[in-house]
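Asks:
Right, here's the structure in full:
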């Protein structure tokens, strides 16, 4: 069964304390892996798409990487405004659907 | 502003009542989706559409119906609401390619009492 697992469920960081979020997947044919940010009361907001192992994407303090079994979202020197839930999702070949993980809730304290 | 618009934003229903959630997108996207989001469950696909006039079942379709009569609109119907359908519902759309991901609406918070 296709599955996406995110860890940790929740993460509390001090401002400036770098860390990584994990998204591991067991799927039959990965077409692409997506990272989204979701703020309370809002819909997910697109961050990155990764297609192949070894690929990396960066945006401000965020960097996403992909291997054959997992993806990491690295947060460098986070700020309080980075506080949000980060969602990972996989898009499979021969489907028109995304399979989402349950997310990591990140809180960054000043 | 371009994007995905969901109406209503909030709704309270009594068990057995019916309602329709409307999703409208102005990006000329072919694909549209309805998800529900519950604590600890993540986003789960209810129904989706790969083009005007088409619909397909997702992971949790029971108790819901959909229609895509116009390309820009995707309607989600609850014929007889149940407390188990209390959730936050998100509509999303995407273009033919996947490079830029899905664009989500801001959600509809539905409570069934």
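Residue numbers (my numbering), protein chains in the order written: chain A, 1 to 110; chain B, 1001 to 1113.
Beta carbons are placed, not taken as given, at the ideal position from N, Cα and C, and that holds for glycine.
(1) Within a Cβ cutoff of 6 Å, which residues of the same chain sit near residue 68/A, ignoring the five residues on either side of it in sequence?
(2) Going straight from the alpha carbon of residue 1111/B to that of residue 90/A, what length do you get?
(3) I'd like to know whether the C-beta atoms of residue 44/A and residue 36/A end up nearer to each other than 7 Å.
(4) For the segment 34-47 of chain A, which residues have a beta carbon sitting closer than 7 Å to at least one beta carbon of chain B?
(5) Is it buried or exposed, residue 1041/B, if we count other Cβ atoms within 10 angstroms and call 16 or more buried?
(6) Considering only the alpha carbon of each residue, which of 1094/B, 1106/B, 1072/B, 1103/B lies closest to residue 1024/B?
(7) Residues in the same chain with beta-carbon distance under 7 Å from residue 1058/B, minus the five sequence neighbours each way, listed in chain order, please.
(8) Could you tell me which chain B residues have their CB closer than 8 Å to the CB of residue 109/A, listed as they occur along the chain?
(9) Applying the 10 Å Cβ sphere with the 16-neighbour rule, what's the burial state of residue 20/A?
(10) Quick one: complete beta strand (DSSP E) runs, 3+ long, within the segment 57-93 of chain A?
(11) Using DSSP's beta-bridge definition, name the partner residues of residue 1070/B.
(12) Can you find the residues in the same chain that come closer than 6 Å, C-beta to C-beta, to residue 1092/B, ignoring five residues on each side of it along the sequence?
(13) May I ask you to list, following chain order, the residues of the segment 84-107 of chain A that have a beta carbon less than 9 Å from some beta carbon of chain B?
(14) Check whether chain B comes within 7 Å of residue 49/A, counting only Cβ atoms and requiring the distance to be less than that.
(15) Within 10 angstroms of its Cβ, does residue 1008/B collect 16 or more other Cβ (buried), or is it exposed?
(16) Work out the CA separation of residue 109/A and residue 11/A for me, nearest whole Å.
(17) So, is the C-beta of residue 1174/B closer than 7 Å to a C-beta in chain A?
(18) Is residue 1017/B helix, strand or coil by DSSP?
(19) Would you call the CB atoms of residue 63/A and residue 74/A closer than 7 Å?
(20) Which residues, in chain order, does the segment 1076-1109 of chain B contribute to contact with chain A at a C-beta distance below 8 Å?
(21) What does residue 1048/B reach in chain A if we use C-beta pairs closer than 7 Å?
Replies: To lay it out plainly:
(1) By one-based count along the first chain, residue 68/A stands at place 68. Closer than 6 Å at the Cβ level, and outside the excluded window around residue 68/A, lie 53.
(2) In the second chain, residue 1111/B corresponds to position 111, counting from 1. In the first chain, residue 90/A corresponds to position 90, counting from 1. Going by the C-alpha atoms only, they are around 29 Å apart.
(3) Position 44 of the first chain holds residue 44/A. Position 36 of the first chain holds residue 36/A. In contact: residue 44/A and residue 36/A (Cβ atoms closer than 7 Å).
(4) Flagged, chain order: 34, 42, 43, 44, 46.
(5) As a first step, residue 1041/B is located in the second chain; it is residue number 41 there, counting from the start. When all chains shown are included, residue 1041/B counts as exposed.
(6) For the purposes of this step, residue 1024/B is taken as residue 24 along the second chain, with counting starting at 1. Checking every option, the nearest Cα to that of residue 1024/B belongs to 1072/B.
(7) For this step, residue 1058/B is matched to residue 58 along the second chain. Only 1045, 1046, 1047, 1048 meet the Cβ criterion.
(8) Indexing the first chain from 1 puts residue 109/A at position 109. Taking the beta carbon of residue 109/A as reference, no residue of chain B falls within 8 Å; the closest one sits roughly 23 Å away.
(9) Here residue 20/A is taken as the residue at index 20 of the first chain, counted from 1. Residue environment analysis places residue 20/A among the exposed positions, since fewer than 16 neighbouring C-beta atoms fall within 10 angstroms of its C-beta.
(10) Here the runs fully enclosed are 62-66, 70-75, 84-92.
(11) What you label residue 1070/B is simply residue 70 of the second chain in a count that begins at 1. Note: residue 1070/B sits in no beta bridge, so no partner.
(12) One-based indexing of the second chain puts residue 1092/B at position 92. Excluding residues up to 5 positions away in sequence, 1033, 1102, 1104 lie with their Cβ nearer than 6 Å to the Cβ of residue 1092/B in the same chain.
(13) Per Cβ criterion, the list reads 87, 89, 91, 96, 97, 98, 99, 100, 101, 102, 103.
(14) Within the first chain, residue 49/A is the residue found at index 49, counting from 1. Closer than 7 Å to the CB of residue 49/A there is at least one CB belonging to chain B.
(15) In the second chain, residue 1008/B corresponds to position 8, counting from 1. Exposed.
(16) Counting from 1 along the first chain, the entry for residue 11/A is found at position 11. Counting from 1 along the first chain, the entry for residue 109/A is found at position 109. Computed Cα separation, rounded: 11 Å.
(17) Within the shown structure, residues of chain B are numbered from 1001 to 1113, placing residue 1174/B beyond reach of any answer.
(18) The count along the second chain starts at 1 and reaches residue 1017/B at position 17. Residue 1017/B: coil per DSSP, three-state reduction.
(19) For the purposes of this step, residue 63/A is taken as the residue at position 63 of the first chain. For the purposes of this step, residue 74/A is taken as the residue at position 74 of the first chain. Result yes, Cβ atoms of residue 63/A and residue 74/A sit closer than 7 Å.
(20) Interface annotation for the segment 1076-1109 of chain B against chain A: 1090, 1092, 1098, 1099, 1100, 1101, 1102, 1103, 1104, 1105, 1106, 1107, criterion Cβ-Cβ distance under 8 Å.
(21) Taking the second chain and counting its residues from 1, one reaches residue 1048/B at position 48. Within chain A, the residues 96, 97 have their CB atoms less than 7 Å from the CB of residue 1048/B, given in chain order.
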